[in-house]
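Student:
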Amino acid sequence: MPTLLVLISILTLTLSTLYIVYRPPSALISYLQRRWPDVLFHVPTHKKILALTIDDAPSPSTSEIHKILKTYGAKATFFVIGSHIAGREDTLRGLVADGHELANHAMRDEPSFRLPQDELTRQIKSVEVQINQIYGPVASPPRYFRPGSGFFSAAMRKTLASLDYRLVLGSIYPHDAQVSQWKINATHILSMARPGGIIICHDREWTTPMLRKVLPELTKRGYHIVTVTELLSETA
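Under the UniProt record's numbering, think of the first position of the sequence shown as 1, with each following residue one higher.
Structure below.
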């Protein structure tokens, strides 16, 4: 019997932890924002405004995602992987021309926290050059960085501060990089939507049907879907 109770306790603790990771309560997000003010998780506000962020851009799905955003009048911040850019420069220019913004997601799809700081710096600077070329001389891209896998360290935060980058995470994440069922992901986002939230999703083929469900419903609820920069400026 004691062994069974221990196993039940371990299972309960594990499931509770997984649930909190998948559906972090507002109080936890607020705590994380206070604990690491240089890392952006959400913006405290009562305004019905949400930032949409899309990781791992560009991809073969980016153009279709762009069309969906245009259909519903939504804006997004695309976190760009440097190794994905070649051959898709015009796709990214089209996003910028329509009021979306590009941000830095390093050179490869890998856990950024495992990189030595000199390699992380090299990758960030390399992607920065590519993004600047997309924007051209007329405008300047925002200096946001999202680490691959979403984990960060004190050393990473120090490196980003020295490069004048803001580390951006989020508060609404359906884990769509692993979960390809768009209906599940859409339900998750809609159930977690709160004023000032930051949605994290990925540039995947199943993102398009997810956005077709999510965007009109959020609009119906009175939300404006904006870039990270717009979220920060609207709630300043």
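In this text, a Cβ means the ideal position worked out from N, Cα and C, and glycines have one as well. Remember, it's a predicted structure, so these values are computed and weren't measured experimentally.
1. In terms of DSSP beta bridges, what is T159 paired with?
2. Between V214, D164 and R204, which lies nearest to I172 when the distance is taken from Cα to Cα?
3. On the criterion of 16 or more Cβ atoms from any shown chain inside 10 Å, does S233 qualify as buried, or is it exposed?
4. Is it buried or exposed, P60, if we count other Cβ atoms within 10 angstroms and call 16 or more buried?
5. Could you tell me the boundaries of the alpha helix (DSSP H) in which V214 lies?
6. Who pairs with E101 in a beta bridge, going by DSSP?
7. Starting from F145, follow its DSSP beta bridges and name the residues at the other end.
8. With 9 Å set as the bound, which would you pick, yes or no: does the beta-carbon of T235 sit closer than that to a beta-carbon of chain E?
9. For the region 216-230 and the region 66-80, state whether three or more C-beta atom pairs, one from each stretch, are separated by less than 8 Å.
10. A186 lies in the alpha helix (DSSP H); which residues open and close that run?
Tutor: On the basis of the coordinates in this document:
1. The secondary-structure analysis by DSSP pairs T159 with nothing; it has no beta-bridge partner.
2. V214
3. Exposed: under 16 other Cβ atoms inside 10 Å.
4. Result: exposed.
5. Judged by DSSP secondary structure, V214 falls within the alpha helix (DSSP H) whose first and last residues are T207 to K220.
6. T77
7. N104 and L167
8. Protein chains in the displayed structure number just one, and chain E is not present.
9. Judged by Cβ distances under 8 Å, the region 216-230 makes contact with the region 66-80, as three or more pairs qualify.
10. W182 to M192
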